[in-house]
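Peer 1: Below is the structure I would like to discuss, written out as structure tokens.
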Amino acid sequence: MNAWYDAALPDDARAMAHLSAFLATTPDFGLSSSLTTLSSSPSSDDDSAIQAKKQARPKHEIEILHAKHNELQRQLQLLQLLRAPPKPVTPWQARAMRQAEAAQRTLQENSRLKRLVSDQRKVLSALERSLRKCPRLESPSPSYAEDTTLFQHLLQQQFDKMESEWIQRRLYDASAPLRHTTLERSPEDGAIASFRFVAKMSAPLDYKSMAQVFWTHKTGLLGPSCSVHRTIDHNIVYMRELARYADLGVPVMETHDCFGRFLEPGRVVMVWRSLGQGETITPHGADHLVGHRWGWYDAIFELERRVMIGS
């Protein structure tokens, strides 16, 4: 036994020498580390243990987080298994849902068709009124002494043209608000020769009050260039305007307008028309340009206002 030990001792010593030489290259097992460990006090050993514990803490925390994640995932799977599955829709329920959706679409389509029918009825009513009017022969112009009859005749002619203009401009089919302006230029120099303005508006106002505001604006709130030449009655006014364009270097434009108002059930219509040189009470100036304009204003009970102005 002793002989074997003595014989094996040199080999073990050589092995330990090789192992010590290999571990000497690492900071944890080197000579300096061994000397530091041997020369350190008990407090140094405690500090090393605390430092090693701190280095091992992140790994421990990661393991705790993994375990917590696995536990939460297991609870989620358990809750999903315990949740009651959604009840399947029965054929009768599916059919009822389809019928409700179809009924809603039908109501919407019905409302749209009603609006279309209402618009078409307005157009047909306007056409019927136009067809029922008997053609009138042109009567000779009244004498200047009969001013009231003259202006009533001219305004009635202008009023009779309104329905045809509404149809031609498609105001019955149009939806408010609508504003449209058309300009006509001279082929010689491209200057504006005339313009047309068409509008359709809705307002939350009483149609009579709105018509009164428009009448006051046209006959009362006049600028310095316009004046009421004569008031025939409370529904007919004769006005005269002198427009000066000094910057353009053109003569004064003189316009004589006859402005009238028609009161009908459910609406108020106002029309205006310029008078020619053979229709005015007083003649135009010799060196003045003669202006010409016409238009209609229709305030109806349905809170709509239709306006057409031409010049």
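Here our numbering = 1-based position in the sequence shown + 1086.
Every residue gets a Cβ at the ideal spot worked out from N, C-alpha and C, and that includes glycine.
Are three or more beta carbon pairs between the segment 1347-1355 and the segment 1287-1299 nearer than 8 angstroms?
Peer 2: yes
Peer 1: Confirm, please, whether the CB-CB distance from M1356 to W1301 is below 8 angstroms.
Peer 2: In this structure, W1301 lies near M1356, with their beta-carbon atoms less than 8 angstroms apart.
Peer 1: Just grab the DSSP bridge partners of Y1324 for me.
Peer 2: R1316, C1344
Peer 1: In chain order, what residues of the same chain lie with their CB nearer than 8 angstroms to the CB of L1240, ignoring the 5 residues before and after it?
Peer 2: The answer, listed in chain order, is C1344, R1359, L1361, E1365.
Peer 1: Any idea if P1174 is buried or exposed, counting beta-carbon neighbours within 10 angstroms, 16 or more meaning buried?
Peer 2: exposed
Peer 1: Whose C-alpha, out of L1165, V1203, E1214, is nearest the C-alpha of D1259?
Peer 2: V1203
Peer 1: Taking I1253 and V1209 to be in contact with their CB atoms under 8 angstroms, please state how far apart those CB atoms are, rounded to whole angstroms.
Peer 2: 7 angstroms
Peer 1: Helix, strand or coil: which one does DSSP assign to L1361?
Peer 2: coil
Peer 1: Nearest to M1325 by alpha carbon, out of L1199, S1313, A1212?
Peer 2: S1313
Peer 1: Would you call the CB atoms of F1281 and L1264 closer than 8 angstroms?
Peer 2: No, they are not a contact pair.
Peer 1: When you compare the CB positions of E1249 and A1279, do they come within less than 8 angstroms of one another, or not?
Peer 2: no
Peer 1: Mind checking who L1375 pairs with in its DSSP beta bridge?
Peer 2: Note: L1375 is bridge-paired with M1339 in the DSSP secondary-structure output.
Peer 1: Please state whether DSSP places I1278 in a helix, a strand or coil.
Peer 2: strand
Peer 1: Determine the extent of the alpha helix (DSSP H) in which F1366 is found, giving its start and end residues.
Peer 2: Per the sequence shown, residue 1366 should be read as Thr rather than Phe. For T1366, no alpha helix (DSSP H) run applies, since DSSP gives it neither H nor E.
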